[in-house]
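Before any comments, here is the structure.
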Amino acid sequence: MSSAILESQTNVRSIRLTFSSAEEVHDGLESAVKELIEAAVEEGNCGIRVTRHEPGAFTVALDESVPFGETYEDIAA
6 MSSAILESQT
16 NVRSIRLTFS
26 SAEEVHDGLE
36 SAVKELIEAA
46 VEEGNCGIRV
56 TRHEPGAFTV
66 ALDESVPFGE
76 TYEDIAA
């Protein structure tokens with residue numbers, strides 16, 4: 006994720022990612038999801054939602070509307 010920008014909240018409930026090239030997206034999202042899986046296991050009551058806001062801009066977040074153990078993907082309108 007060399008030129009990607011990663012912003013993480015201190016409580017690690019969500020991670021905002023901005024990528025400058027398409028080649029970075031897969032690895033960057035995979036890394037963020039792995040980080041939040043650890044937090045989801047600790048809480049045990051939520052899954053993970055990956056939201057694409059615009060080309061190259063994503064949020065990966067713990068979400069109580071997503072069942073524990075699952076990851077949902079959305080595109081923001």
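For the sequence shown, the working numbering puts the final residue at 82, and the numbers step up evenly by one.
Each residue gets a CB set at the ideal place from its N, CA and C atoms; glycine is no exception.
Treat the numbers as computed from the prediction; the structure is a model and nothing was measured.
When secondary structure is reduced to three states using DSSP, residue 71 falls in the coil class, being assigned neither helix nor strand. For the set 51, 70, 55 and 49, the Cα lying nearest the Cα of residue 20 is the one of 55.
For the set 49, 62 and 81, the Cα lying nearest the Cα of residue 69 is the one of 49.
Counting only the Cα atoms, residue 32 lies some 21 angstroms from residue 46. Ranking 26, 25 and 76 by CA distance to the CA of residue 65 puts 76 first.
Partner residues in the beta bridge of residue 59, as assigned by DSSP, are 62.
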